[in-house]
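Our numbering applies: residue 8 is where the sequence shown begins, and numbers increase by one. Where is the CB? At the ideal position from N, CA and C, for every residue including glycine. Scroll down for the structure; my scribbles are underneath it.
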Amino acid sequence: MQKLKVGVLVSGSGTNLQALIDGVKKGFLPCEIAVVISNKKEAFALKRAEAESIPAFFVNEKEFCNNLEFEKRMVEILKNFQVELVVLAGFLKVLSPYFVSEFTNKIINIHPSLIPSFCGKGYYGIKVHEAVINYGVKITGATVHFVDEGTDTGPIILQKAVPVFDDDTPEVLAERVKRVEHEILPLAVKLFAEKRLIIENRRVKIKGGLSDGEKASNYLGI
Ligand code: GAR
């Protein structure tokens, strides 16, 4: 099978990018990470890409006269690398309808809560976990979803729950949630690459269901 060319957009430490890199190396993902783009110069994710000889670009928003031009540059890079799937792996900027229309149903995002809770405008990164703790919910988790024109509103592919404990800090909770992010994001990419995701209205169905191995929580052996 031809390997799916994946472009990954990042802003931070890149642990989700690392989970994808590891998934490719272990033969779990029938993909090639063709390019990584960061909107933050200091993002450690860029270093992770460089360590694997994956082409990595910092695209500086400040160098463009407006958001459209900034996004056009990212689209240009992704198309130059013939990217077939765009993964937002901790890309902490909302994409405009222009960008989304360039890759309709070909963009997926990992969000650190159980959507539709604690998502939308202003909910990203550690802010999500602060809000979860302040609200007092007992269960949170992670969601992988297709990206549409809204903020965190696209069809949901996979979700996994984690408990919230009384003595959790946002940082401790973030780590617990990231462990499940690193399971469900590569799994969602695998299902996409294998053309097993069927979108019906806003429901995503998995052709043939998940195998036992895919259902096992620690399938990457991490
Ligand atoms: C992850 O927790 C991801 O879910 C979150 O940013 C973090 C990036 O971590 N994304 C969002 O909040 C998007 N709304 P990483 O750089 O270590 O992968």
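Query raised in the report: Asn141: buried (16+ other C-beta within 10 angstroms of its C-beta) or exposed?
Result: So Asn141 counts as exposed.
Query - ligand 1 heavy atom lying under 7 Å from the CB of Ile122 - result: Taken from the Cβ of Ile122, every heavy atom of ligand 1 lies 7 Å or farther away.
Report task. Please name the residue, chosen from Leu121, Val154, Phe153, Val151, that lies closest to Ala262 on a Cα-to-Cα basis. Result -> With the chain running from 8 to 229 in the structure shown, residue 262 is simply not present.
Report task. Whole angstroms is fine: what's the gap from Pro177's alpha carbon to Phe125's? Result -> Cα to Cα, Pro177 sits roughly 13 Å from Phe125.
Query raised in the report: If you run the structure through DSSP and keep just helix, strand and coil, what is Arg210?
Result: Three-state DSSP puts Arg210 in a strand.
Query - Leu102 versus Arg80, Pro119, Lys214, Asn87, residue with shortest Cα-Cα distance - result: That would be Arg80, whose Cα lies nearest to the Cα of Leu102.
Report task. Classify Ala168 as buried or exposed, calling it buried when 16 or more other Cβ atoms lie within 10 Å of its own Cβ. Result -> With fewer than 16 other Cβ atoms within 10 Å, it is exposed.
Query raised in the report: Whose C-beta lies closer than 6 Å to the C-beta of Phe110 among residues of the same chain, with five residues either side of it excluded?
Result: Residues of the same chain with a CB within less than 6 Å of the CB of Phe110, apart from the 5 flanking positions on each side, are Val93 in chain order.
Query raised in the report: Does the pairing of the stretch 22-30 with the stretch 55-68 give three or more beta-carbon distances under 8 Å?
Result: Yes, the stretch 22-30 touches the stretch 55-68.
Query raised in the report: Is the CB-CB distance between Gly14 and Ala50 below 8 Å?
Result: Against a cut-off of 8 Å, the Cβ pair of Ala50 and Gly14 comes out as no contact.
Query raised in the report: In three-state terms, what does DSSP make of Tyr226?
Result: Summary for Tyr226: the model assigns pLDDT 46, below 50, so the residue's position carries little reliability, and this model does not support an answer.
Query raised in the report: Taking 7 Å as the cut-off, does the CB of Pro119 come closer than this to any heavy atom belonging to ligand 1?
Result: Taking 7 Å as the cut-off, one finds at least one heavy atom of ligand 1 near enough to the beta carbon of Pro119.
Query raised in the report: By a C-beta neighbour count over all protein chains shown, 10 Å radius and 16 as the cutoff for buried, is Ile105 buried or exposed?
Result: Rather than Ile, the amino acid found at residue 105 in this sequence is Tyr. Burial is judged here by how many other beta carbons sit within 10 angstroms of a residue's own beta carbon; Tyr105 has fewer than 16 and is exposed.
**Report entry** Collapsed DSSP secondary structure at Ser103 in the structure displayed
**Finding:** If DSSP states are grouped into helix, strand and coil, Ser103 belongs with coil.
Query raised in the report: Under a three-way DSSP split, which group does Ala96 fall into?
Result: Look at Ala96 here: in three-state DSSP terms it is coil, with no helix or strand label.
Report task. Would you give the residue range spanned by the beta strand (DSSP E) that Thr150 belongs to? Result -> DSSP places Thr150 in the uninterrupted beta strand (DSSP E) bounded by 146-153.
Query raised in the report: Under a Cβ-count criterion, where at least 16 other Cβ atoms within 10 Å of its own Cβ denotes burial, should Asn67 be classed as buried or exposed?
Result: Around the CB of Asn67, fewer than 16 other CB atoms lie within 10 Å, so the residue is classed as exposed.
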